[in-house]
Amino acid sequence: MSTPMQRPAAPAPVPRQTSRTGKVVMLSGSAAVVVLAWAGAPWWAVTVVAVVGIVMPGVILLAQVVLPHDSEHKRDVMLAALRYWDRRADRKRKQREQRRRQDK
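Add 19 to the 1-based position in the sequence shown for our numbering, that's all there is to it.
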């Protein structure tokens, strides 16, 4: 009687690389605010940079959640978005052509 064959071991899971993009953007935004405030920039410029520095990491994080790097469906989501933008552009082009016809 022969000994049973062992199944090959499953490959070890690859650890997901953590993205530091949001942290870098957050730090660079706060650094820009400090530099602008120190340089005596107008309050509205400091406010705009601060808001962008707060909102941008959130947008990046949301994009990483919605479209993760290893997603099977990432291509499908992008194709659906491209189709939507194409339909929208066609609709706008047709509306422009109709307005031009009506103006003549």
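Where is the CB? At the ideal position from N, CA and C, for every residue including glycine.
Item, Value
"Residues near A56 by beta carbon distance below 7 Å, same chain, minus five either side", "V65"
"8 Å Cβ cutoff met for A51 and V68", "yes"
"Beta-carbon separation (whole angstroms), K93 vs L86, contact threshold 8 Å", "5 Å"
"Rounded straight-line distance, which links the Cα of V53 to that of K123", "56 Å"
"Span of the alpha helix (DSSP H), counted from its first residue to its last, around G77", "W62 to V85"
"Simplified DSSP state of K111, which is helix, strand or coil", "helix"
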